[in-house]
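Undergrad:
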Amino acid sequence: MFCREFYELKRDFYIDGVLYGITNDWVDLTAMLNAEDLRATRKRLIEDRCDRYLIETFHNMRNRFKSEKNWRLTKSCENYINFQVRKRNEHIDRMDFLEPQMLIFDLHWFTLGGALDFVREIEKALKNCKNKLIEHDEVVTLIIGKGNHSRHQVPVIYNKLIEIYSDRISVDVKNTGRVFLHFKKKITYSDGLQGVL
2 MFCREFYELK RDFYIDGVLY GITNDWVDLT AMLNAEDLRA TRKRLIEDRC
52 DRYLIETFHN MRNRFKSEKN WRLTKSCENY INFQVRKRNE HIDRMDFLEP
102 QMLIFDLHWF TLGGALDFVR EIEKALKNCK NKLIEHDEVV TLIIGKGNHS
152 RHQVPVIYNK LIEIYSDRIS VDVKNTGRVF LHFKKKITYS DGLQGVL
């Protein structure tokens with residue numbers, strides 16, 4: 002992608018410091034996932050902006066229903082939120098074809114249950130890939146945020162991931178709103194032979 006056009010894209014879509022804003026990192030990832038095709042990247046960012054608006058709307062509705070103790074509608078909103086956030090991470094469906102630097106998934110705005118389900122989906126997709134974990138370990142980056150917008154500023158998704166994956170997870174020292182989930186290479190027949198010889 003031409004530098005000037007790329008910077009224009011960032012200028013048009015970058016909104017940071019707002020709960021549902023688009024960061025430059027997300028613009029970069031979207032461009033990478035769209036093979037740096039300017040038109041496809043712009044289209045996806047426009048869709049993403051709409052997705053974010055819907056997610057924000059349903060989070061607000063969920064909070065209202067929750068305060069009214071209307072659990073059926075609260076759950077319905079949570080299901081829709083998780084569906085929309087999953088949709089933003091649609092590249093999971095192309096796991097076999099993603100380069101290592103594209104193994105980045107955004108857990109922002111998932112409910113806790115939705116985030117954990119999605120991480121399990123990532124695990125399953127990666128382990129079922131025909132060309133991943135064959136020659137080397139893989140690292141998946143999970144964008145989780147820092148909990149600034151969570152209730153009482155407690156990063157519940159982060160805390161739960163650390164609890165569940167403590168031996169396979171590390172925090173990005175450059176950005177504490179990201180964690181790395183490590184996957185070991187699959188043991189192959191030749192690996193077994195090396196241990197015997």
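Position 36 (the sequence shown) corresponds to 37 in my numbering; numbering is contiguous. Heads up, the beta-carbon is just placed ideally off N, CA and C, and yes, glycines get one too. None of these values were measured; they are calculated from a predicted model.
Can you list, in chain order, the stretches of the alpha helix (DSSP H) that have 4 or more residues and sit fully within the stretch 112-161?
TA: If we require 4 residues or more, the alpha helix (DSSP H) runs fully inside the stretch 112-161 come out as 113-129.
Undergrad: Can you tell me where the alpha helix (DSSP H) holding residue 271 begins and where it ends?
TA: What the structure shows of the chain is the stretch from 2 to 198, and residue 271 is not part of that stretch, so it cannot be assessed.
Undergrad: Does any residue of chain B have a CB that is nearer than 8 angstroms to the CB of residue 147?
TA: Absent from the structure is chain B; it holds one protein chain and no more.
Undergrad: Once you ignore the five residues that flank residue 66 on each side, which residues in its own chain have a CB closer than 7 angstroms to its CB?
TA: Counting only Cβ-Cβ distances below 7 angstroms, and skipping sequence neighbours, we find 74, 75, 78.
Undergrad: Pick helix, strand or coil for residue 92, following the three-state DSSP scheme.
TA: Of the three classes helix, strand and coil, the one that applies to residue 92 here is helix, per DSSP.
Undergrad: Of the residues 15, 62, 31, which one's Cα is nearest the Cα of residue 45?
TA: The residue with the shortest Cα to Cα distance from residue 45 is 31.
Undergrad: What does the alpha-carbon distance come out to for the pair residue 180 and residue 173?
TA: Between residue 180 and residue 173, the C-alpha separation is close to 5 angstroms.
Undergrad: On the criterion of 16 or more Cβ atoms from any shown chain inside 10 Å, does residue 85 qualify as buried, or is it exposed?
TA: Result: buried.
Undergrad: Sort out for me which residues DSSP pairs residue 179 with in a bridge.
TA: 144.
Undergrad: Going by DSSP in three states, residue 163 sits in which element: helix, strand or coil?
TA: DSSP places residue 163 in helix when its eight states are reduced to three.
Undergrad: Which of the three DSSP states, helix, strand or coil, is assigned to residue 2?
TA: Residue placement at residue 2 is flagged as unreliable, the pLDDT there being 48, under the threshold of 50; the coordinate-derived value follows with that caveat. Here residue 2 sits in coil by DSSP.
Undergrad: Just to confirm my understanding: we take residue 92, look at its own chain, exclude 5 residues before and 5 after, and list those with CB closer than 6 angstroms. What are they?
TA: Here the set comprises 34.
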